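Those sequence lines, one after another, are chains V and U.
Each residue of the first sequence is one higher than the one before, counting from 341 in the working numbering.
Each residue of the second sequence is one higher than the one before, counting from 1189 in the working numbering.
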Amino acid sequence: MDYSTLLVPLLLAFVALFGMGKGVNVYDAISKGAEEGLAILIRILPALVGLMTAVYMLRASGAMDLFGELLAPLLDRLGIPPETAAMLFIRPVSGSGALAIGSELMAAHGPDSYIGRVAAVMLGSTETTFYTIAVYFGSAGVHRTRYAIPAALLADLTGFVAAAFAVRLLMQGP
Amino acid sequence: MAMAWVWTGMVVLSVAYGMLNGTIGAVGNAAMEGAAAAVQLCLNMAGVMCLWSGVMSIMKACGLMDGLSRLFRPLLGRLLPRACKDPETLAALSGNVSANLLGLGNAATPLGIQAVRRMAVGSGGRATDEMCLLVVMNTASIQLLPTTVAGVRAALGSQSAFDILPAVWLASALSVTAGVIAAKVFSRFWRR
Chain V
341 MDYSTLLVPL LLAFVALFGM GKGVNVYDAI SKGAEEGLAI LIRILPALVG
391 LMTAVYMLRA SGAMDLFGEL LAPLLDRLGI PPETAAMLFI RPVSGSGALA
441 IGSELMAAHG PDSYIGRVAA VMLGSTETTF YTIAVYFGSA GVHRTRYAIP
491 AALLADLTGF VAAAFAVRLL MQGP
Chain U
1189 MAMAWVWTGM VVLSVAYGML NGTIGAVGNA AMEGAAAAVQ LCLNMAGVMC
1239 LWSGVMSIMK ACGLMDGLSR LFRPLLGRLL PRACKDPETL AALSGNVSAN
1289 LLGLGNAATP LGIQAVRRMA VGSGGRATDE MCLLVVMNTA SIQLLPTTVA
1339 GVRAALGSQS AFDILPAVWL ASALSVTAGV IAAKVFSRFW RR
C-alpha cells in the first residue's frame, strides 16, 4: 500500500490523541481552524474568478502553447516541461495567478500526470516572491533592498528546476 | 496595480491571438468556462482546506509550533548570528520558521515582520546582509504539508493528493539552499 494513503488517517488520529493528551479541546480547535480555512478560500475565490478566466482564455487562444514552444529550447535544457512556462513568470508575482495556471494544468493533463505533478510541486515549493519582499521590507521601512530580489529569484528558478527533477526522480518520468 | 497590467495583458493577448489564430470562438467559451471552473475548484477543495487548517490549529494549540521553534534556534543562531543575539528577535525568527513549516501563513508573516523590524533598527533603510537572508528564506517556501496544492489535487480527482510530499520537500530544500548560497555569495561583492 502507498504510504501516503496511510498518512492522512494516521496523522488525524495522532493529532487528536496528542491534543487530548495535552488537554486541548481538539473539537473546538478543529472547528476554529476550519473557519480560518474557509476565510482563506473566501479571500482567494474572487481573485481566482478573474485569473482563471484569463488563463482559460490564453489557453484556448493558443497563445499559451506558443509561449511554451518559444521557450521550449531553453526549458528543455533545464529539464522543465514547456507546458509550465507561464507558471514560471506568474509565480513570483501572484499567488492566485499561479494557482489558476497550476490548477488549469492539473485539470487539463490530470492531477496524477507528469505535468500535473510538476505543476503541483512547483506550487508547493515556491512562494510569491515579490509580495513577500514588499511586505517584509515595506513594513521595516527598507527601500534599498540590495541583492534580496536577485537572490530570491535564483531560489525560485532552482525551485522550478528542482520540482521537475524531484518528480522525475521520486515519482514518474514525462 | 501591477496585477491589473498582468490581467489586462493576458486578456488582450488572448483576444488578439485568438483573432489571428482563428480560435476567437473558443476564447469566448473559455472565458465562461474559466470563471465557472474557479468557483467549482474552490467549492471542491473547501472541505480539504478547512480540514487541514483545523488540524494545523490543533497542532498549534498543542504547542507543536513552540516545540519546533526551539528545534530551529541553533540553526538560526548560525545563519543569522547578529540578529539572534537579541532574544526577542530570535523568538520571532524561530516562530516565523516553524509557522512557515506548518503552513500557518497567518502566523508566520506577523512574526517575520516583527523580526525584520527589530533587525532594521539603525540600518537607515538599507537592507543588511542578515535581513536579505531572512527575506530570501521566506520567499523560498518551506512547508511540511502543502495543503492548498493537496486540496486542488483532491478536488481534481487525484488518486492520492499527498503523494507529492517527498518531491515537494526535496524541491523546497534545494530551492532554500540555492537562495541561502546566492545570498551569501552576493553579500561578498554587493557593497552598496
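Glycine is no exception: its CB is placed at the ideal position from the N, C-alpha and C atoms.
Source: prediction; values computed, not measured.
| Per DSSP, cross-strand counterpart(s) of R484 (chain V) | Reading the first sequence from its first residue, position 144 is the one you call residue 484 (chain V). Note: R484 (chain V) sits in a beta bridge opposite U:R1314.
| Should M404 (chain V) and A1226 (chain U) be called a contact, given that it needs their Cβ atoms to be closer than 8 Å? | On the first sequence, residue 404 (chain V) is found 64 positions in, with the first residue counted as 1. On the second sequence, residue 1226 (chain U) is found 38 positions in, with the first residue counted as 1. No, these two residues do not count as a Cβ contact at 8 Å.
| message | Which runs of the alpha helix (DSSP H) at least 4 residues long sit entirely within the segment 394–420 of chain V? Give them in chain order. | response | 403–418
| query | By DSSP, does P386 (chain V) sit in helix, in strand, or in coil? | reply | By one-based count along the first sequence, residue 386 (chain V) stands at place 46. Helix.
| field | Rounded straight-line distance, which links the Cα of A1214 (chain U) to that of V1304 (chain U) | value | Taking the first residue of the second sequence as 1, we reach residue 1304 (chain U) at position 116. Taking the first residue of the second sequence as 1, we reach residue 1214 (chain U) at position 26. The straight-line gap from Cα to Cα measures roughly 48 Å.
| said: Run through chain V and tell me which residues come within less than 7 Å of C1320 (chain U), C-beta to C-beta. | reply: On the second sequence, position 132 is the one that residue 1320 (chain U) refers to. Correct list: R486, Y487, A488 and A491.
| query | Just reading off the alpha helix (DSSP H) that A1212 (chain U) is part of, what are its end residues? | reply | Translated into positions along the second sequence, residue 1212 (chain U) becomes position 24. The displayed chain sequence assigns Ile, not Ala, to residue 1212 (chain U). Where I1212 (chain U) is concerned, the enclosing alpha helix (DSSP H) stretches over I1212 to A1249.
| Between the segment 440–456 of chain V and the segment 476–486 of chain V, do three or more beta carbon pairs fall short of 8 Å? | no
| message | Taking 8 Å as the threshold (beta carbon to beta carbon), is L1239 (chain U) in contact with chain V? | response | Residue numbering aside, residue 1239 (chain U) sits at position 51 when the second sequence is read from its first letter. Closer than 8 Å to some Cβ of chain V, the Cβ of L1239 (chain U) qualifies, so yes.
| query | Counting Cβ pairs closer than 8 Å, one from the segment 410–426 of chain V and one from the segment 1301–1318 of chain U, do we hit at least three? | reply | no
| task | With a threshold of 16 other CB atoms inside 10 Å of the CB of L388 (chain V), please say whether the residue is buried or exposed. | result | Position 48 of the first sequence, counted from the start, is the residue given in the question as residue 388 (chain V). Classification of L388 (chain V): buried, given that the 10 Å Cβ count is 16 or more.
| said: For D1351 (chain U), which residues in the same chain have their Cβ closer than 6 Å to its Cβ, ignoring the five residues on either side in sequence? | reply: Your numbering for residue 1351 (chain U) matches position 163 in the second sequence. The answer is none, since no qualifying residue turns up.
| query | Which of helix, strand or coil does DSSP assign to V1337 (chain U)? | reply | Here the question's residue 1337 (chain U) lines up with position 149 in the second sequence. Three-state DSSP puts V1337 (chain U) in a helix.
| query | Is there a Cβ from chain V that is less than 8 Å from the Cβ of C1272 (chain U)? | reply | What you label residue 1272 (chain U) is simply residue 84 of the second sequence in a count that begins at 1. C1272 (chain U) does not count as touching chain V.
| task | Indicate whether at least one CB of chain V lies closer than 8 Å to the CB of G1206 (chain U). | result | One-based indexing of the second sequence puts residue 1206 (chain U) at position 18. Closer than 8 Å: yes.
| field | Alpha-carbon spacing of E1318 (chain U) relative to A1359 (chain U), whole angstroms | value | Locating residue 1318 (chain U) in the second sequence gives position 130, counting from the first residue. Locating residue 1359 (chain U) in the second sequence gives position 171, counting from the first residue. Taking the straight line from one Cα to the other gives about 24 Å.
| request: Below 9 Å between beta carbons is the criterion; list the residues of the segment 439–455 of chain V that meet it against any residue of chain U, in chain order. | output: L439, A440, G442, S443, E444, M446, A447, G450, P451 and D452
| task | Show which residues of chain U have a CB atom less than 8 Å away from the CB atom of T424 (chain V). | result | In the first sequence, the residue the question calls residue 424 (chain V) occupies position 84. None at all; the shortest Cβ gap to chain U is about 13 Å.
| query | Rounded to whole angstroms, how far is the Cβ of A374 (chain V) from the Cβ of C1238 (chain U), which I believe are closer than 8 Å? | reply | The residue given as residue 374 (chain V) occupies position 34 in the first sequence. The residue given as residue 1238 (chain U) occupies position 50 in the second sequence. So it is a contact: roughly 4 Å between Cβ atoms.
| query | Q1302 (chain U) by DSSP, collapsed to three states: which one? | reply | Numbered from its first residue, the second sequence carries residue 1302 (chain U) at position 114. Three-state result, Q1302 (chain U): helix.
| request: Compare the C-beta of E1221 (chain U) against all C-beta atoms of chain V and say whether one is closer than 8 Å. | output: Translated into positions along the second sequence, residue 1221 (chain U) becomes position 33. Yes, E1221 (chain U) lies at the interface with chain V (some Cβ there is under 8 Å from its Cβ).
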